[in-house]
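To start, the structure itself, in structure tokens.
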Amino acid sequence: MTTETQFARFDSLPLDSGETLRDLQVAYETYGRLNESRTNAILVLHAFTGDAHAAGIDHDGKPGWWDNMIGPGKAFDTERHFIICTNVLGGCRGTTGPSSDEPGAGRPYGLRFPGITISDMVRLQKLLVDHLGIPRLLAVSGGSMGGMQALEWAVAYPESVEACIPIASTARHSAQQIAFNETGRQAIMMDPDFAGGDYYGGKLPARGLSVARMVGHITYMSDESMREKFGRRLRNREEFSYAFEVDFEVESYLRYRGSQFVGRFDANSYLYITKAMDYFDLSADAPSLAASLERATSRFLVISFTSDWLYPSYQSQEIVNALRSRNHDVTYCELSSNYGHDAFLVDVGEQTEIVKGFLGRCQREFRGGVACK
Amino acid sequence: MQVREVLGRSDYALISELIPEGARVLDLGCGDGSLLEWLKANKKVEARGVELKRELVQQAISRGVTVYQGDLENSLKEYPDGAFDYVILSQTLQELRQPLQVLQEILRIGRYAIVAFPNFGHWRVRLSHLFSGGAPRTKLFPYGWHDSPNVHFLTIEDFEESTRDQRWTVEKRMFLSGHTRGTAMPNLMAEVAVYLLRR
Chain A
1 MTTETQFARF DSLPLDSGET LRDLQVAYET YGRLNESRTN AILVLHAFTG
51 DAHAAGIDHD GKPGWWDNMI GPGKAFDTER HFIICTNVLG GCRGTTGPSS
101 DEPGAGRPYG LRFPGITISD MVRLQKLLVD HLGIPRLLAV SGGSMGGMQA
151 LEWAVAYPES VEACIPIAST ARHSAQQIAF NETGRQAIMM DPDFAGGDYY
201 GGKLPARGLS VARMVGHITY MSDESMREKF GRRLRNREEF SYAFEVDFEV
251 ESYLRYRGSQ FVGRFDANSY LYITKAMDYF DLSADAPSLA ASLERATSRF
301 LVISFTSDWL YPSYQSQEIV NALRSRNHDV TYCELSSNYG HDAFLVDVGE
351 QTEIVKGFLG RCQREFRGGV ACK
Chain B
1001 MQVREVLGRS DYALISELIP EGARVLDLGC GDGSLLEWLK ANKKVEARGV
1051 ELKRELVQQA ISRGVTVYQG DLENSLKEYP DGAFDYVILS QTLQELRQPL
1101 QVLQEILRIG RYAIVAFPNF GHWRVRLSHL FSGGAPRTKL FPYGWHDSPN
1151 VHFLTIEDFE ESTRDQRWTV EKRMFLSGHT RGTAMPNLMA EVAVYLLRR
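Chains A and B are the protein sequences, given in the same order.
Take 1 as the starting number for the first sequence in my numbering and just add one per residue.
Take 1001 as the starting number for the second sequence in my numbering and just add one per residue.
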């Protein structure tokens, strides 16, 4: 199926920072059909550099980022469910972000774009879901940053969420996660071409952005998957260069992924979205994580992966234990995979089975507006 | 439909008899979730399970059962007091390192505990040991000494003594030999014992 990105516009969005964004655009795609009772809608939430194109093939022939999970007979079954995916606030793939034109200014926002949070992103998504006329989502689900948004949905709009499926995610960034993000941000901002964020129409901070992406890619894989994929193999050569050329396969791969990223992602979006992730702490406004989850009435399915060291299982277990301590309906499974953090995108066999089983039950037992634990 | 016809296990049949309609039930070591699935469908219980083995957890989720993947000796402390009406511990007691602590936790988080265990005092076990001189091997205890998951070998007598020591109230005790229920001299004749306990 060829998919079409659609757009919705909203007048204003109040932000956690106290500022208000005006005249916003939201890019989204939908797959499948909304049923008459409007009880089969699932909001799929993308990770850091994803976009609204989650499934199917776009006009450039590119498959969606979760195409292996969304489609007929797949985990998110387009024959039974109506799937919505939207580019996040602060992104660069059709939704308002730092590369969008600032209303009335005649130039992009750049660093004049206000700081944003995960809950700002979710607040904008809620406007879209209301706009689509859906009173209660069957599920919200996503991996990594998508999982943070799913959790935020369950807490911010409990009456609108039947089921919450955070995958390879966390209720708050650890020091290590913030550290990796900061390394990426510094690489971008130290690039002379960054020009204080006003590089649009000129030379892009390509070197900084690609180094940031290289670091990111390392954290998405595992020691084992890198050993399997690259080992110490040399790249198109028999001997070392004894110069700083590309010797190893893994160097070539990272450089390629880094340079490719520059063509599809905005450096300012990188800064804003990573900060939003770092700011995220579901327990910030409550005495404990369990207390902050008290409001949630969804059923939860929490999934982590054995080799994911960026969002390790203990972070998922923290969410699960907080939910269990308040007797919420929570299912947890740590899936076995060698793919590291990337597992939720690439190693989807078992993930598909359990998401299917869980969603099947949630659909059978859909509770409408009734709040219960 | 009888639970034994569906699940093929007599201890499940007794357990399901003990559980009233609409109860909140936690099944520890719930396996593939078949008992909970049955209880949900036939007794409208609010079902939760704990299971360590990943493949079984996945099967339980596919059956639409709420299940937590974790080691049951370490995963009970999170549950609040009185979270469940019934907590089931079926054929697992003999595999626990700290069985009494687990039972105490069970009676903290549940109003009732349903405990089923294989009776090591059964006459076949005694004869096997007496005549072979080796660790007993029977239908109920089929393992070699080195590959058995069982770390404690308890009899009905032992369990009765523990309930007295711990001052737990035995609401009901039921004994099984094959699919036959109720035996005289249970410590000698029963293969499986099912207890309904409360604090």
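In this text, a Cβ means the ideal position worked out from N, Cα and C, and glycines have one as well.
Best match in the options for proximity to residue i [C-alpha to C-alpha]
i: A/Trp65; options: A/Gly202, A/Phe48, A/Ser259 and A/Lys126; result: A/Phe48
i: A/Ser292; options: A/Ala179, A/Val155, A/Leu127 and A/Gly231; result: A/Val155
i: A/Phe305; options: A/Ala75, A/Lys275 and A/Gly349; result: A/Gly349
i: A/Gly73; options: A/Pro312, A/Glu353 and A/Arg326; result: A/Glu353
i: B/Leu1154; options: B/Phe1120, B/Thr1138 and B/Ser1132; result: B/Phe1120
i: A/Gly216; options: A/Arg227, A/Trp309, A/Pro135 and A/Gly71; result: A/Trp309
i: B/Gly1064; options: A/Thr331, A/Val346 and A/Leu335; result: A/Thr331
i: A/Ser37; options: A/Cys333, A/Asp278 and A/Phe82; result: A/Phe82
i: A/Val320; options: A/Thr170, A/Thr5, A/Leu43 and A/Glu162; result: A/Thr170
Partner residues on chain B for residue i, Cβ-Cβ distance less than 7 angstroms
i: A/Glu353; result: Gln1058 and Ser1062
i: A/Arg361; result: Gly1064
i: A/Phe358; result: Ile1061
i: A/Glu350; result: Gln1058
Residue i (DSSP reduced to helix, strand or coil)
i: A/Asp308; result: coil
i: B/Phe1153; result: coil
i: B/Gly1029; result: coil
i: A/Gly142; result: strand
i: B/Lys1040; result: helix
i: A/Ala267; result: helix
i: B/Met1001; result: Because B/Met1001 sits at a pLDDT of 43, beneath the cut-off of 50, its placement in the model cannot be relied upon, and the point is left open.
i: A/Ser12; result: strand
i: B/Pro1142; result: coil
i: A/Ile188; result: helix
i: A/Ser337; result: coil
i: A/Asp130; result: helix
i: A/Lys373; result: Unreliable placement is indicated for A/Lys373, whose pLDDT of 45 sits below 50; no coordinate value is reported for it.
i: B/Thr1180; result: strand
i: A/Gly197; result: helix
i: A/Lys275; result: helix
i: B/Ala1205; result: What the structure shows of chain B is the stretch from 1001 to 1199, and residue 1205 of chain B is not part of that stretch, so it cannot be assessed.
i: B/Gln1104; result: helix
i: B/Pro1020; result: coil
CB of residue i within 8 angstroms of CB of residue j, strictly
i: B/Gly1110; j: B/Asp1085; result: yes
i: B/Ala1060; j: B/Gly1033; result: yes
i: A/Phe261; j: A/Cys164; result: no
i: A/Phe280; j: A/Ala168; result: no
i: A/Glu208; j: A/Ile188; result: The identity of residue 208 of chain A in the sequence shown is Gly, whereas the question assumes Glu. Contact: yes.
i: A/Tyr256; j: A/Gly340; result: no
i: A/Gly90; j: A/Ile118; result: no
i: B/Ala1116; j: B/Val1045; result: no
i: A/Tyr194; j: A/Ala276; result: Sequence inspection shows Phe at residue 194 of chain A; the Tyr mentioned does not correspond to that position. Not closer than 8 angstroms, so no.
i: A/Phe230; j: A/Val250; result: yes
i: A/Asp67; j: A/Ala55; result: yes
i: A/Thr86; j: A/Thr78; result: no
i: B/Val1087; j: B/Leu1072; result: no
i: A/Tyr426; j: A/Ile70; result: Limits of chain A in this structure are 1 at one end and 373 at the other, which puts residue 426 of chain A out of reach.
i: A/Arg185; j: A/Leu271; result: yes
i: A/Glu224; j: A/Ser307; result: yes
Residue environment, residue i, which counts as buried when at least 16 other CB atoms sit within 10 Å
i: B/Val1170; result: exposed
i: B/Ser974; result: With chain B covering 1001 to 1199 only, the question about residue 974 of chain B has no answer from this structure.
i: A/Asp285; result: exposed
i: B/Ala1184; result: exposed
i: A/Phe7; result: exposed
i: A/His59; result: exposed
i: B/Tyr1143; result: exposed
i: A/His131; result: exposed
i: B/Lys1040; result: buried
i: A/Cys372; result: Because the pLDDT at A/Cys372 is just 43, under 50, the model does not fix this residue reliably, and the point stays unresolved.
i: A/Ala41; result: buried
i: A/Ser316; result: buried
i: B/Trp1145; result: exposed
i: B/Glu1037; result: buried
i: B/Pro1149; result: exposed
i: B/His1179; result: exposed
i: A/Gly50; result: buried
Interface partners of residue i on chain A, CB under 9 angstroms
i: B/Arg1108; result: Those do not exist, as B/Arg1108 stays about 13 angstroms from chain A at its closest Cβ, beyond 9 angstroms.
Proximity test, residue i beta-carbon vs the ligand SAH heavy atom, cut-off 7 angstroms
i: A/Leu323; result: Here there are no bound small molecules, and the ligand SAH is not part of this structure.
Under 8 angstroms by beta carbon: chain A residues contacting residue i
i: B/Tyr1086; result: Those do not exist, as B/Tyr1086 stays about 15 angstroms from chain A at its closest Cβ, beyond 8 angstroms.
i: B/Ala1083; result: Asn327
i: B/Tyr1200; result: Look at the range of chain B in this structure, 1001 to 1199, and you will see that residue 1200 of chain B is not part of it.
Cross-chain neighbours of residue i in chain D, by beta carbon under 9 angstroms
i: B/Pro1080; result: Of the chains in the structure shown, none is chain D; the protein chains are A and B.
8 angstroms Cβ cut-off: residues of chain B touching residue i
i: A/Asn40; result: Going along chain B, no residue has its Cβ under 8 angstroms from A/Asn40, so there is no contact; the nearest lies around 17 angstroms.
Where residue i meets chain B, residues with beta-carbon distance less than 9 angstroms
i: A/Ser336; result: Arg1054
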